[in-house]
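I have placed the structure first, in the form of structure tokens, so that the comments after it can refer back to it.
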Amino acid sequence: MKTSELKDLKIAIVGGGYGGAAAAIALRNIGAGNVHVYEQAPALGQVGAGIGLRPITVELFRRWGIFEEIAAVSSPSDYLEILSADGQQVYAQEVWPQLNDFDQPNHTRIIHRGDFIDALLGVLPAEMVHMGHKLTGIKDDGDAATLTFENGNTVTADLVIGADGIRSLIRKELFSDNEPIFAGEHAYRAVISADNAFGLGVEDDNPRFYMGDNGTIAYNLPLRHRNQLSYDITTRSEDGSWAPVITNDYLVSLLDGFDERIVDIARNLDISQVTSRSVFDIDPVDNWHTDSVALLGDSAHAMLHHQGQGANSAIQDAAGLADALLQADSVKEALTQYQAIRKPVTDELQRLSRLGWNPGSVETAFPEQTPAK
Ligand SMILES: Cc1cc2nc3c(=O)[nH]c(=O)nc-3n(C[C@H](O)[C@H](O)[C@H](O)COP(=O)(O)OP(=O)(O)OC[C@H]3O[C@@H](n4cnc5c(N)ncnc54)[C@H](O)[C@@H]3O)c2cc1C
């Protein structure tokens with residue numbers, strides 16, 4: 033689309049998570065002049081946990097001119113390591129894919145979730161981001177769509193981006209009735225001071241995954257720029273409640289045979305500061321767009337966290353959508369291109385993320401690099 037058309041295009045993004053914020057940045061970067069983000073939460077907030085931003089995602093931050101803002105609140109990692117539960121055996125130690133594929137090395141950046149969303153939304157003008165806007169309805173009129181919010185506001189836009197997460201209302205209203213699927217797993221996450229980590233995670237900036245025989249995985253992401261460690265446990269469970277109640281003793285019981293430092297952390301955790309969640313994903317959605325509405329991020333392709341690709345994919349969706357708008361002659365054509373480019377990639381990541389890892393049979397930390405058999 034021409035610069036003049038993009039400048040006047042009215043774009044409404046529903047959801048101010050990583051996907052929605054990245055979409056706003058990518059669209060501003062191509063000259064879109066009328067972009068607004070509508071987020072249901074009254075104020076920013078993210079669970080206490082770390083996240084890894086892959087080299088290809090970091091390259092997008094450079095392209096969008098926000099690398100320095102991200103680098104200021106993250107640490108550069110060279111590789112990912114997968115070990116036996118006791119840490120004695122290294123199953124895989126692999127350099128992050130694409131680290132050396134760009135003009136300069138792009139390390140994976142380990143970042144705190146809260147810092148990440150603050151950094152993304154922080155580069156947007158305040159008047160672009162509308163907190164306290166919970167979407168309650170959407171009407172697709174073909175070449176435009178109208179949004180209704182719980183606070184009584186309505187907005188009509190030429191392009192609506194549904195970045196409203198795994199339980200997306202926009203997906204449900206326009207694209208698929210299918211509910212999220214419980215994975216039979218829980219994720220427990222906490223950020224602790226490195227001083228209370230018994231020496232774990234202080235050696236370098238690289239995440240380490242410890243694989244238990246009972247299906248429990250304990251992993252940590254060093255947040256050395258904060259003198260903290262993101263301490264995470266994923267385990268099997270039949271309890272699909274939203275926020276399962278847990279105790280220190282229960283966590284310790286999951287960690288039989290694990291590195292003593294991991295067990296000691298579990299024993300000493302302030303349990304009130306641990307985020308406990310059942311884990312869900314969705315099946316691939318057949319169609320992500322109409323002529324004026326498109327899904328992006330978890331709303332389009334929520335995936336299990338085993339490959340650490342959900343947020344990365346949301347950000348790459350944002351770039352894919354912006355590229356398509358630049359190249360196509362109309363919004364309609366751009367949305368078709370966007371889906372054609374991004375959906376095969378995320379369909380495959382959804383599939384791979386469901387495979388998880390089995391202790392003792394970890395062939396690679398990055399199965400997306402291995403051609404499907
Ligand atoms: C345990 C765990 C670990 C993970 N680790 C990683 C990792 O290492 N790397 C990685 O890349 N990914 C990881 N992920 C996945 C990642 O968190 C998600 O893929 C990512 O948050 C998706 O971003 P999003 O913007 O699409 O959705 P969300 O982050 O869910 O944001 C959606 C936003 O929309 C808002 N919203 C929802 N409904 C409405 C409404 N009706 N009206 C207005 N606003 C609304 C929400 O409040 C929210 O702010 C992990 C996930 C889990 C569970």
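When we follow the numbering used here, the leftmost residue of the sequence shown carries the number 33, and every step to the right adds one. Ideal Cβ positions, reconstructed from N, Cα and C, are used throughout, including at glycine.
Secondary structure of residue i, DSSP reduced to three states
i	result
A104	coil
V284	helix
N138	coil
H165	coil
A404	Note on A404: pLDDT 49, under 50, position unreliable in the model; no value is reported.
V394	coil
Q260	strand
G49	coil
G82	strand
T307	strand
P399	helix
K42	strand
I62	coil
D315	coil
T35	helix
Heavy atom of ligand 1 within 7 angstroms of residue i beta-carbon
i	result
G352	no
Y242	no
N390	no
G119	no
F73	The sequence given here places Ala at residue 73; Phe does not occur at that position. Yes; taking the cut-off as 7 angstroms, the Cβ of A73 has a heavy atom of ligand 1 nearer than that.
T330	Correcting the residue identity first, residue 330 is Asp in this sequence and not Thr. Indeed, a heavy atom of ligand 1 lies less than 7 angstroms from the Cβ.
R221	yes
Y282	no
H165	yes
V277	no
R258	no
N344	yes
Q130	no
R374	no
Q341	yes
L201	yes
V311	yes
D28	Outside the shown range of the chain, which is 33 to 405, sits residue 28, and nothing can be said about it.
Opening and closing residue of the alpha helix (DSSP H) in which residue i lies
i	result
G272	G272 -> no alpha helix (DSSP H), and no H or E assigned at all.
H338	Taken as a continuous stretch (DSSP letters only), H338 belongs to no alpha helix (DSSP H), as it is neither H nor E.
V25	Past the edges of the chain, shown from 33 to 405, lies residue 25, and the structure says nothing about it.
V90	87-95
I373	363-387
N300	292-300
Closer than 7 angstroms: residue i CB and nearest ligand 3 heavy atom
i	result
H337	Ligand 3 is absent from the structure shown, which contains only ligand 1.
Boundaries of the beta strand (DSSP E) in which residue i is found, first to last residue
i	result
R240	240-243
P254	249-255
Q125	122-127
D236	Careful: D236 lies outside any beta strand (DSSP E) and carries neither H nor E.
A326	325-327
L115	111-116
Quiz prompt | beta strand (DSSP E) runs wholly inside the segment 147-230, at least 3 long, in chain order | solution = 167-172, 177-181, 186-189, 191-194, 213-225
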